[in-house]
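For the record, in the sequence shown the residue sitting at position 340 is 335 according to the working numbering, with numbers rising by one throughout. Virtual Cβ for every residue (Gly too), placed ideally from N, Cα, C.
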Amino acid sequence: TVLIIDFGSQVTQLIARRVREAGVYSEIVPFQSAEEGFERLKPKAVILSGGPASTVETGSPRAPDVIWQSGLPVLGICYGEQTMCAQLGGRVEASDHREFGRAWLDIEKDNPLFDGVWKAGERHQVWMSHGDRVAALPEGFEVIGTSSGAPYAAIADVSRGYYAVQFHPEVVHTPDGAKLLANFVHNIAGLKGDWTMAAYKEQAIAAIRAQVGSGRVICGLSGGVDSSVAALLIHEAVGDQLTCILVDHGLMRKNEAAEVVSMFREHYNIPLVHVDASDTFISALEGEADPETKRKTIGKLFIEVFEAEAKKLGGADFLAQGTLYPDVIESVSFTGGPSVTIKSHHNVGGLPERMNMKLVEPLRELFKDEVRVLGRELGLPEHFIGRHPFPGPGLAIRCPGGVTREKIRILQDADAIYLDEIRKAGLYDAIWQAFAVLLPVQTVGVMGDGRTYEYVCALRAVTSVDGMTADFFHFDMDFLGNAATRIINEVRGINRVVYDVTSKPPGTIEWE
Ligand code: XMP
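In structure tokens, the structure reads:
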């Protein structure tokens, strides 16, 4: 294991990913609890991340002393370099030559970090983002790379296994960065790089068996990748001790509930309770136009239905959730202020306390793309694995204004045609998320010789990495024209289609 100490950089997660891509397991721990993390993980190497603080200021974050006493190899990145220098007897100063973005690194000396990648005398592109810089090296260190703004852009104390860089090797704008990180974990730390998803799967199955014993597990299925993979994994571990519950709120995409049910029952033979609660949900939402009330109503009903079903099964000892690593990593906060609630996201996070069950979260160490690899390892069909994200409250939040059965039916049909066109055009995988929205607005049209007065449908498609920011997808106008024609011709109730060209921010991906 490689321990990554997080000092609050926006890109710390990328360090973990690069290390895992090099076949070595890694975990991120915030600097405040780095010492505990060190004891728990017993790492073979340590990486110090970047961060927004300044070592020049008093009380700035530090790596705990155990790291330096352990004799393990350490790689410092950006703030990590500065704190390494400050803690080991060097000097850091605020610089008036700040560097942001692309920079050039002159390689001064061959060394194990650059082995097979960069040689002395060469110049390579790196990505910088720093204000402070190292002004004097601790004893034992030498300069191995320089840039115009950072005379100590890369330094090393080879005998102690300490390396540090002012630039960010974890980002793609440092094109060789992943190879440097691989050199650190393989050559310098001597780790083998044999961490694979197949091995992880076996390990996860053993862990589930150890945790669950002969207990009963229930798992809420949404049809999304995460809950599906969690369910398959737990089923491999404990077989029929697992029962899945699909609460169908009637707000899923067209045919989606049926697809999920058939996959779990026929393909995998996993016990599944399919609860059709659409009447309960839709009647509760009828006439309710406030987005937050809609979300809260759905969240509350979901819990009630889920609880009632769990009770019918005679209760359970464990509740399985498809929580992912990015949800688990404690974010390092320097401001400490409360963040504003933009939307109340609905998930089953509120369940465990009320239901008195223990949690099984077999994906909590994985990133989304790793979950997809695990899904393949478990034989999950490809079209399930690559699915666009779908929000818990479903189509209710794509139907501004009150929800009715009729509106959901219209929206499902339009959405299905839109996605069908996207698939046919070969664009599904290039888009992060695409969907139709049914607006509570009717407009006048003319079809045949008659006047129509029907709903407007908005189409949305975005590119994104993690859903936090997004850009609208730049379709070809012919594509949009075709999709609009098909929707208007084939869906009763829609006579006008518009395309949403808002990015996030300032928009959000969903309309509510
Ligand atoms: P927004 O609309 O906030 O959405 O830009 C970002 C991503 O999150 C999804 N989303 C949700 N997912 N429960 C979920 O499980 C929710 O309540 C929820 N609201 C939004 C949205 O589809 C997008 O992928």
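- When the Cα atoms are used, Val6 and Asp171 turn out to be separated by approximately 16 Å.
- Per the coordinates, the alpha-carbon of Pro357 lies some 14 Å from the alpha-carbon of Leu237.
- By the Cβ-count criterion, Asp415 is exposed, with fewer than 16 other Cβ atoms from all chains shown falling within 10 Å of its own Cβ.
- For Pro266, the closest C-alpha among the options Pro47, Gly476, Leu296 and Leu216 is that of Leu216.
- With contacts defined as CB atoms closer than 8 Å, Phe313 and Val207 qualify as a contacting pair.
- Proximity to Ser124 across Val153, Pro164, Ile102 and Pro107 peaks at Pro164, based on C-alpha coordinates.
- Annotation for Ser124: the continuous beta strand (DSSP E) segment containing it runs Arg118 to Ala131.
- Each of Ala305, His244 and Glu304 was checked against the Cα of Thr292, and the nearest Cα belongs to His244.
- DSSP places Ile139 outside any alpha helix (DSSP H); the residue lies instead in the beta strand (DSSP E), whose first and last residues are Glu137 to Thr141.
- Note on geometry: alpha-carbon atoms of Thr318 and Asp221 lie some 8 Å from one another.
- The C-alpha of Gly219 is placed about 23 Å away from the C-alpha of Thr191.
- With contacts defined by Cβ atoms closer than 8 Å, Gly84 and Ala159 do not form a contacting pair.
- Residues of the same chain with a CB within less than 6 Å of the CB of Ile102, apart from the 5 flanking positions on each side, are Trp113, Ala115, Glu117 and Gly140 in chain order.
- Inclusion of Ala149 and Leu100 in the CB contact set at 8 Å is warranted, their separation being smaller than that value.
- In the three-state scheme derived from DSSP, where H, G and I count as helix and E and B as strand, Gln437 is classed as strand.
- Rounded to the nearest angstrom, the Cβ distance from Asp127 to Val51 is 6 Å, consistent with a contact under 8 Å.
- When the beta-carbon positions are compared, Ala420 and Val180 stay at least 8 Å from each other.
- In the DSSP assignment, Met442 forms a beta bridge with Gly445.
- Within the model, the alpha-carbon separation for Thr497 versus Pro395 is close to 17 Å.
- Our two residues, Asp410 and Glu507, have alpha carbons roughly 17 Å apart in a direct line.
- Judged by DSSP in its simplified three-state form, Val207 adopts helix.
- Straight-line spacing of the CA atoms in Ala29 and Pro59 works out to 7 Å.
- Taken in chain order, the unbroken stretches of alpha helix (DSSP H) that lie wholly in the stretch 43 to 118 and span 4 residues or more are 60 to 64 and 74 to 82.
- Assignment of Thr503 by DSSP, reduced to helix, strand and coil, places it in the coil class.
- Inclusion of Ile203 and Val24 in the CB contact set at 8 Å is not warranted, their separation being larger than that value.
- In this structure, the ligand XMP has no non-hydrogen atom nearer than 7 Å to the beta-carbon of Gln5.
- If you draw a straight line from the Cα of Leu296 to the Cα of Val255, it comes to about 21 Å.
- Selection Pro384, Ile62 and Gln77 evaluated against Pro146 yields Gln77 as nearest (Cα-Cα).
- DSSP places Phe313 in no alpha helix (DSSP H) but in the uninterrupted beta strand (DSSP E) bounded by Phe313 to Ala315.
- Within the DSSP bridge table, the entry for Arg491 names Val451 as partners.
- CA-CA distance, Tyr494 to Ile392, rounds to 17 Å.
- With respect to the 8 Å criterion, Phe468 and Val457 are classified as neighbours on the basis of their beta carbons.
- Between the beta-carbon of Gln82 and that of Arg97 there is about 29 Å, and that puts the pair past the 8 Å contact cut.
- Under the criterion of beta carbons closer than 8 Å, Gly210 and Gly397 do not qualify as touching, at roughly 43 Å.
- Taking a C-beta distance under 8 Å as the contact criterion, Phe385 and Arg290 do not qualify as a contact pair.
- DSSP, read as helix, strand or coil, puts Ser28 in helix.
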